[in-house]
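Okay, structure first, notes after.
There are 4 protein chains.
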Amino acid sequence: MWGKDKLREECGVFGIFAPGQDVARLTYYALYALQHRGQESAGIAVADGRQVTLHKGMGLVPEVFREEHLRSLRGLAAIGHVRYSTTGASHPVNAQPLVFYCSQGMMGLAHNGNLSNAQFLRQKLLATGAIFQTTTDSEIIVNLIARFLEGEDFPAAAASAMAYLEGAYSLVILSEKRLYAVRDPYGFRPLCLGRLPEGWAVASESCALDAIGALFVRDIRPGEILEIGPEGVVSHAGPAAPRFAHCVFEYIYFARPDSILDGFTVGQVRRELGRQLAREFRPPADVVVPVPDSGVAAAHGYAEEAGLPLEEGLMKNRYVGRTFIQPSQELRSLGVRLKLNPVREVVAGKRVILVDDSLVRGTTSAKIVRMLREAGAAAVYYCLSSPPVIRPCYFGIDISDEAELIAARSSREEIREKIGADGLYYLSLEGLLRPFGEMARHLCTACFTGDYPFPVTNCRKTLTPHKPHLLGV
Amino acid sequence: MWGKDKLREECGVFGIFAPGQDVARLTYYALYALQHRGQESAGIAVADGRQVTLHKGMGLVPEVFREEHLRSLRGLAAIGHVRYSTTGASHPVNAQPLVFYCSQGMMGLAHNGNLSNAQFLRQKLLATGAIFQTTTDSEIIVNLIARFLEGEDFPAAAASAMAYLEGAYSLVILSEKRLYAVRDPYGFRPLCLGRLPEGWAVASESCALDAIGALFVRDIRPGEILEIGPEGVVSHAGPAAPRFAHCVFEYIYFARPDSILDGFTVGQVRRELGRQLAREFRPPADVVVPVPDSGVAAAHGYAEEAGLPLEEGLMKNRYVGRTFIQPSQELRSLGVRLKLNPVREVVAGKRVILVDDSLVRGTTSAKIVRMLREAGAAAVYYCLSSPPVIRPCYFGIDISDEAELIAARSSREEIREKIGADGLYYLSLEGLLRPFGEMARHLCTACFTGDYPFPVTNCRKTLTPHKPHLLGV
Amino acid sequence: MWGKDKLREECGVFGIFAPGQDVARLTYYALYALQHRGQESAGIAVADGRQVTLHKGMGLVPEVFREEHLRSLRGLAAIGHVRYSTTGASHPVNAQPLVFYCSQGMMGLAHNGNLSNAQFLRQKLLATGAIFQTTTDSEIIVNLIARFLEGEDFPAAAASAMAYLEGAYSLVILSEKRLYAVRDPYGFRPLCLGRLPEGWAVASESCALDAIGALFVRDIRPGEILEIGPEGVVSHAGPAAPRFAHCVFEYIYFARPDSILDGFTVGQVRRELGRQLAREFRPPADVVVPVPDSGVAAAHGYAEEAGLPLEEGLMKNRYVGRTFIQPSQELRSLGVRLKLNPVREVVAGKRVILVDDSLVRGTTSAKIVRMLREAGAAAVYYCLSSPPVIRPCYFGIDISDEAELIAARSSREEIREKIGADGLYYLSLEGLLRPFGEMARHLCTACFTGDYPFPVTNCRKTLTPHKPHLLGV
Amino acid sequence: MWGKDKLREECGVFGIFAPGQDVARLTYYALYALQHRGQESAGIAVADGRQVTLHKGMGLVPEVFREEHLRSLRGLAAIGHVRYSTTGASHPVNAQPLVFYCSQGMMGLAHNGNLSNAQFLRQKLLATGAIFQTTTDSEIIVNLIARFLEGEDFPAAAASAMAYLEGAYSLVILSEKRLYAVRDPYGFRPLCLGRLPEGWAVASESCALDAIGALFVRDIRPGEILEIGPEGVVSHAGPAAPRFAHCVFEYIYFARPDSILDGFTVGQVRRELGRQLAREFRPPADVVVPVPDSGVAAAHGYAEEAGLPLEEGLMKNRYVGRTFIQPSQELRSLGVRLKLNPVREVVAGKRVILVDDSLVRGTTSAKIVRMLREAGAAAVYYCLSSPPVIRPCYFGIDISDEAELIAARSSREEIREKIGADGLYYLSLEGLLRPFGEMARHLCTACFTGDYPFPVTNCRKTLTPHKPHLLGV
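This is how it looks when you write it as structure tokens:
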């Protein structure tokens, strides 16, 4: 009942260069820590100096990999990927990493993000004799790089290709002997570098570095191409963008609370957003109840700032998240409910501040409010630690159609009425940005404002001159 | 890294009589809500008036059942079971329900609990020509009842068998046309009755009734035999025990916080235990950090009572719980950690009150304390919302050997030193019992006190006169 | 399109006692050689002196067992089973061996055959408190033996139980330390003993002994109970029957051509039946064509005796036998045919002697004749190396209803017309028996004659005096 | 124990254009009839006018496809493939058909054969920016065709690509709306056209047409490109070769006996080769015994010509062919044997003419001879219905190294001694060719003679001018 009402993160990537270590196993544990970024498929590719070996499949990390797979994946470097599909249908062939043969031998690539000019590039490549075996953006990137490899080393070819790529891409790439990491010039998606006692790792989030005992070194810079080999880490410059555009939703919802992105601990940002929310709206209430798990951190901040008790008034089934057989509408109407259960003793007769991180499509909010009322709540105030989502995202979040966004077509009062709350409060854009201080101007907030970092619509619809802003024209 | 340091609940049971409803599907959802009581195997048996049909398998509920299974399980009544093995090896053949043919036709049975005189009964039955195909207590119960069925109706045969059964058993039983529910005379394990618009349900916990939209009616009484058929619910009296002995650990750890057992909302009891703990011990501290998820409710109570902020200083990987490939000791020593990650910003430089529900074997506590220290905690006070566990349980919890219990062989100071905390505090027995008021005397606290409801050790070791206290001798 | 038109063999059993050998692996290879006796499920149980361990599953032997299973099945003795269901639904729970605990510890049993008084015995056992978890005859046998075990050793208990068992049973039984083999007093189903360099084996057919390099020693005698342990093989006498009744269909169709049963090589018997057939019927013809594979041996004999060329005029898809998706009736009518394809060059313009072993239901015979005519055959004479099957079998073959038997309700001319052949010839009963010489009077030919070895019908319908002929009354 | 001693056929292909029919299901049955050409993987792709949908997997046809797969593959045309790997590792990614996006939309391709200039073409394509995701020749063909598609229709692009392809290839190709079939200019591998009541089919062998009720129309001509659409079948001319080169081993061993290739019924050719063998060699003997199944047809011919009885002296386990756990060397030496069992009564005291089709590596021949001697054979004469294989094949058979060919390095006498036979006889080349009459000069017999249809070795080793003979230079 839930997934449909949340924005969905697209992917997580990880890479490691550590000759002598069990690189596949460490990648397995790192992917396990990044599992929240994608539950549809998982894969690991390993390079052993002569070839690249791959295992991938549909499902969660521990479902896809058994001991025998890890044992067979031996090498000096590895990359891994967890996926929740944004582009490309949900089909095994679209799982990543993608492993391929090019003029420099075998390579592997894993990708987090979304190209905004994918259609354009794909048509151009097809017209010149390329074939595609998947519908992923990643295969476009791979083909484009391959075209630039003749007479060039990999970093130069990647930089040449980046001049044509438009959109969000954090890449980990494996050659037969080396590891590369690439972050797009806008820095839409996170990517950071860590150090092992003898080796290096890159990851979408620092929690994956923690999971394998690696020390966080730094974020990878927008437009940077890192080359990692036996001689250490070399930074190459790719194209520059006129500004940075880190996705603010990573802080609001996607990233794990214990990750540190661009200097900010995600969970502490969320708690501060809850405090900020309490400064902006404080209806008369008796208790703060979080929507688990997404609203917990902000609810703590709210309760603290408001001086109200926080209670677990909605109990979540810990086993939700697995694929199970959905109840029919008829069973739902008979009261079958699987994810959340209200705790009568907590809410009966109380005025409840219900805190969640965001409200996108609005379909489950109404159910939660009704559930609390049936459990005896005297009033339900729905408080969100982010502004209304009114515009689609082209950079790796699965909303490409405004029609799905309730706030794009309804007023706050209409939404409040629809979900049946006694009050509905969104955090202001200023409130959202305050915890970030100086860094705020480097954030992409286009889904709240429509202020995209570059004019993306043209690029998707025409096949004419593209990306002049990146090419310095 | 976790399971080994927690007591493990044994099983959950559910039964439904609702002709015209999709009883298997409702059982599926109910088992999903009881999943926390057993993750090793799951099963559903359905009666359609002429026969009993079964599907069961190893794994979580949504892993064992696919749509085709639910479709093929049609009938007027059903029982279901989730299992974490206590008796009987972890083997498919030991999954429940058990379906069998007896002189009255086909029957099915699912069992939560543990017989303390299982060996005695099994030997007696074998000696008189019975065979066993599993190592479960349930097969003993089934054989015993079958011996009493000649010339008796089911409730009478069950009552006769109960006179020989010693220990904990909450049973749901299916005949070809009816549903029965039985709770042992001590009432060790919970069992409650709910009402559907057209039908009845019984469940280990009320959260399973909530999940299917059933209304809670009442707890099933210790020693009671409920017979449910088209004419409604009939209560038969089984043998009586000299006292009640509801397991207090259901409140401390096992049951879901939103369940109501014998009138008490579990989560509210836990929060009150946290408050009680704060009244008993309040070392100088800056922040309260729960061990997720088991210590969350008590930590809230502690923070509230102590007037300290509660922060999520330990982040749990939400996907833990699934079977994954365990890291080797070598990888662990290199810092690979999968379940919990400390949040540096929360604990660095702080004196931390760490709250958990219980400490049984002590193996992971040391890791958590070290993790917090490495993240910069100035002090770590380990606070437990229950007394030291010093004696084994024979009634459905998987500790039958005192050697596994750290508090049975070490002093509090020794344990504190072993886990490396600056302080170690256990809730007192009085503190534990206070929230229960009058009901406290009906609780089994034997694992804390050694004061078993009846002299269990003799019964396990000898084959001589058994259960005279139940037989009225 | 085939299975329905053939009698189906029920099961194959194998046992081995060979401390120090990999008994499970040898059993695996033996079952592989017995695969033709049952393709529905397979299982192996191993005894290691202290316990009996089991692995079984649905499917062919190599589908059920993987290397890991064989590795985990270590011991000094083993039994194995392949099954094609006769009694008991096709359900995993009915796969064998059956492993159980009785008063003498763990045991395992595998069974080939069918009890004719199963219902009677089952009712008797249920009435005295037994429960059943399967619908197999084997569970009845096990319960009956268990009732006799008190104060008796196993061979004595088995002998006592045999006095009550009526019908066909070749059993291999495993205790924690020994192997037993039992053949019913009539000797319906085959069972033979072989010798290994260090150990002993028993098998349904000698081809299984060949497969593992064991030397054939002798057939196990009807009514014999073999006990095999470290001291060697001890023969115990069970009850005697007034006659022997070896199933003649083992020679006609069931057994492998390279097996030697009671002194006769099966394939040579079949060839001789073909010769006999040519002596009885020799219509004017150009070529002898076997129905593969069941008619090949007899066709060779026919061609030899008749001095006609044998040609492969019907080609069989070698991969038939595996479960595949059956074509709809519509596709069949469009000409989709999967098992057999006629070879035009062989049959066009020829008068064809078509040879098969038996004609039971007649459903595919018509298709084959039509197929040959469409390929241009000038005439098709259908010749069968056995008499018409007119009565059901109660001893391990899956025909219990005369309505399924075409020859029970139609004349030879009616059948010939139905299948569209130019001639239809059955071997005479005398012709069938001739190759066996003196041994002929020990054969059961009841399905051709209705002359059952004992009055079986009464026993199946009443619950009154049973098996007086066996009990010596 | 067998596979290693036989040449292995590479693949089978099938295509169908039949709007309104269940094209996937008909392809399934056709692949089932072609299963002998490849047991490693199977796949079906379907075109519905807008897209191409694929399902493929490792295993036999009925293992890869379930009803749900067939249901989901709806369309107007389909292609199918069964594979036994020659090029490309045995890995799921190498299973066929290959489905891809090119400038003309989605396409699918399945391939039987082997390119002799694959390395050259692959390097050329890589150097100009292509990437490869498999190691199959098929991906080379697809990339090459894609390069020619700009501004060309498919038949023209295919013809252009064929000018660069060297070696064996029978292709079935699917666009979103049409079916194409291509046979290489030498006609190495078979490919034929059939007619359905409303549609067309192409297949590697005519037995697949028989299986679905299609009428054989004609063989597809070497160098021909067939285009099949709603308007019917259009033949386009591709490049011509200086001669034809049909693989003679299709007749000796690969093809099914009931298939008709280039006008010859395969089984009748084999029988005639047996007769020819009897004319060339007739040692004094008592019985002719075929090696099942490969020697059966020739043995019939031999027995007929020699006037000797044919008996089944070697019994084959019908279930061989499935993947099972191989016995260790130790078990083999103890006598474990799985595929073949000698029939003592047939061979004891007899001089045996043992007939097989070919002897390639010689590893199992010695085992068979020893087996027959141990069963009492007085003499064993090993007769082969083909000449010694002395040179590798580059056109779709998995022998690329002469070191594997026993006849390439040993004299006939040495081989006879090695396998322990009393005599070893190979059919002469003249004897092999005689049944083919005029057609003999169109056969490729390079593996017996070294007389390759074109100088293949240069092409594999150099990257310089290629295929002048095809380009008309």
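These protein sequence lines are chains A, B, C and D, in that order.
Counting from 1, one number per residue, gives the positions in the first sequence under UniProt numbering.
Counting from 1, one number per residue, gives the positions in the second sequence under UniProt numbering.
Counting from 1, one number per residue, gives the positions in the third sequence under UniProt numbering.
Counting from 1, one number per residue, gives the positions in the fourth sequence under UniProt numbering.
For each residue, glycine too, the CB sits at the ideal point set by N, CA and C.
For clarity, every value in this text was computed on a predicted model and none was experimentally measured.
Exposure of T449 (chain D), with buried meaning 16 or more beta-carbon neighbours within 10 Å: Taking the fourth sequence and counting its residues from 1, the one referred to as residue 449 (chain D) is at position 449. The residue in question, T449 (chain D), is exposed, as its Cβ has fewer than 16 Cβ neighbours within 10 Å.
Simplified DSSP state of R275 (chain A), which is helix, strand or coil: One-based indexing of the first sequence puts residue 275 (chain A) at position 275. Here R275 (chain A) sits in helix by DSSP.
Touch test, the stretch 52-68 of chain D against the stretch 30-40 of chain D, Cβ-Cβ under 8 Å, three pairs minimum: yes
Same chain only: Cβ atoms within 6 Å of R122 (chain C), ignoring 5 sequence neighbours per side: As a working mapping, residue 122 (chain C) is identified with position 122 in the third sequence. Same-chain partners within the cutoff: I140.
Of the listed residues C:A208, C:S103, C:A127, nearest to Q133 (chain B) (C-alpha basis): Locating residue 133 (chain B) in the second sequence gives position 133, counting from the first residue. Here the closest residue by C-alpha is C:S103.
Short-range partners of chain D found in the stretch 139-158 of chain A, where Cβ spacing is below 7 Å: V142, N143, A146, R147, E150
Chain A contacts from the stretch 281-315 of chain B (Cβ-Cβ distance under 8 Å): D293, V296, A297, H300, E304, P309, L310, E311, E312, M315
Residues near A285 (chain B) by beta carbon distance below 7 Å, same chain, minus five either side: Here residue 285 (chain B) is taken as the residue at index 285 of the second sequence, counted from 1. Closer than 7 Å at the Cβ level, and outside the excluded window around A285 (chain B), lie L308, R351, V352, I353, Y381.
Outcome for residue 475 (chain B) when other beta-carbon atoms lying within 10 angstroms are tallied against a minimum of 16: This structure leaves residue 475 (chain B) out entirely; chain B is present only between 1 and 473.
Residues of its chain near D422 (chain A), where Cβ-Cβ distance is below 7 Å and the 5 sequence neighbours each way are ignored: The sequence position of residue 422 (chain A) within the first sequence is 422, counting from 1. So the list reads A379, V380, Y381, once near-sequence residues are dropped.
Enclosing alpha helix (DSSP H) for D137 (chain B) [first to last residue]: Within the second sequence, residue 137 (chain B) is the residue found at index 137, counting from 1. Element bounds for D137 (chain B): 137-148.
Within-9 Å CB hit, Q119 (chain B) to chain G: Chain labels in this structure do not include chain G; the protein chains are A, B, C and D.
Of the residues C:P392, C:D48, C:P239, the one placed nearest A409 (chain C), counting alpha carbons only: As a first step, residue 409 (chain C) is located in the third sequence; it is residue number 409 there, counting from the start. Ala is not the amino acid found at residue 409 (chain C); the sequence shown has Arg there. Per the Cα distances, C:P392.
Run of the alpha helix (DSSP H) containing K124 (chain A), from where it starts to where it stops: Position 124 of the first sequence, counting from 1, holds the residue named residue 124 (chain A). It spans 118-127 - the alpha helix (DSSP H) in which K124 (chain A) sits, taken as one unbroken run.
Under 9 Å (Cβ pairs) to chain D, residues found in the stretch 30-43 of chain C: Y32, A33, Q35, H36, Q39
Three-way DSSP call (helix, strand, coil) for P97 (chain B) in this model: Stepping through the second sequence from its first residue, residue 97 (chain B) is reached at position 97. Three-state DSSP puts P97 (chain B) in coil, outside helix and strand.
I220 (chain B) beta carbon less than 9 Å from that of S170 (chain B): What you label residue 170 (chain B) is simply residue 170 of the second sequence in a count that begins at 1. What you label residue 220 (chain B) is simply residue 220 of the second sequence in a count that begins at 1. The answer is yes: Cβ separation under 9 Å.
Where the alpha helix (DSSP H) containing P290 (chain D) begins and where it ends: Here residue 290 (chain D) refers to the residue found at position 290 when the fourth sequence is read from its first residue. Segment 287-290 is the beta strand (DSSP E) holding P290 (chain D); no alpha helix (DSSP H) there.
Counterpart residues of M107 (chain B) in DSSP-defined beta bridges: Residue 107 (chain B) sits at position 107 when you count from the first residue of the second sequence. Paired residue(s): B:F100.
For P342 (chain D), three-class secondary structure by DSSP: Stepping through the fourth sequence from its first residue, residue 342 (chain D) is reached at position 342. It is a strand residue.
Where T87 (chain B) falls, given that 16 or more other Cβ within 10 Å makes a residue buried: Your numbering for residue 87 (chain B) matches position 87 in the second sequence. Below a pLDDT of 50, predicted positions are generally treated as unreliable, and T87 (chain B), at 47, falls in that range; no measurement from the model is reported.
Rounded C-alpha distance that separates S116 (chain D) from L144 (chain D): The residue given as residue 116 (chain D) occupies position 116 in the fourth sequence. The residue given as residue 144 (chain D) occupies position 144 in the fourth sequence. If you take the alpha carbons of S116 (chain D) and L144 (chain D), they lie about 15 Å apart.
CB contact below 9 Å: A47 (chain B) versus chain C: Sequence index remark: in the second sequence, residue 47 (chain B) carries index 47 (1-based). No, its Cβ sits nowhere closer than 9 Å to a Cβ of chain C.
CB contact check: F454 (chain B) to chain A, cutoff 9 Å: Taking the first residue of the second sequence as 1, we reach residue 454 (chain B) at position 454. No, F454 (chain B) lies away from the interface with chain A (no Cβ there is under 9 Å from its Cβ).
The stretch 182-201 of chain A / the stretch 235-255 of chain A touching (three or more Cβ pairs under 8 Å): yes
G43 (chain C) versus Y253 (chain A): straight-line alpha-carbon distance, rounded: The count along the third sequence starts at 1 and reaches residue 43 (chain C) at position 43. The count along the first sequence starts at 1 and reaches residue 253 (chain A) at position 253. Going from the Cα of G43 (chain C) to the Cα of Y253 (chain A) covers about 52 Å.
Environment of P197 (chain C) [buried if 16+ CB atoms lie within 10 Å]: What you label residue 197 (chain C) is simply residue 197 of the third sequence in a count that begins at 1. Counting Cβ neighbours within 10 Å, P197 (chain C) comes out exposed, since fewer than 16 surround it.
Candidates D:L76, D:V142, D:P387, D:S72: closest to V99 (chain D) by CA position: The residue given as residue 99 (chain D) occupies position 99 in the fourth sequence. Closest option to V99 (chain D), Cα to Cα, is D:V142.
Between the CA atoms of S385 (chain C) and A298 (chain C) - distance to the nearest angstrom: Along the third sequence, one-based indexing puts residue 298 (chain C) at 298. Along the third sequence, one-based indexing puts residue 385 (chain C) at 385. Answer to the nearest angstrom: the Cα atoms are 7 Å apart.
Proximity below 9 Å, CB of V202 (chain A) to CB of A181 (chain A): Within the first sequence, residue 202 (chain A) is the residue found at index 202, counting from 1. Within the first sequence, residue 181 (chain A) is the residue found at index 181, counting from 1. Yes, these two residues count as a Cβ contact at 9 Å.
Under 9 Å between C-beta atoms of V129 (chain D) and L149 (chain A): As a first step, residue 129 (chain D) must be located in the fourth sequence, where it is residue number 129. As a first step, residue 149 (chain A) must be located in the first sequence, where it is residue number 149. One detail in the question is off: residue 129 (chain D) reads as Gly in this sequence, not Val. Yes, the Cβ-Cβ distance between G129 (chain D) and L149 (chain A) is below 9 Å.
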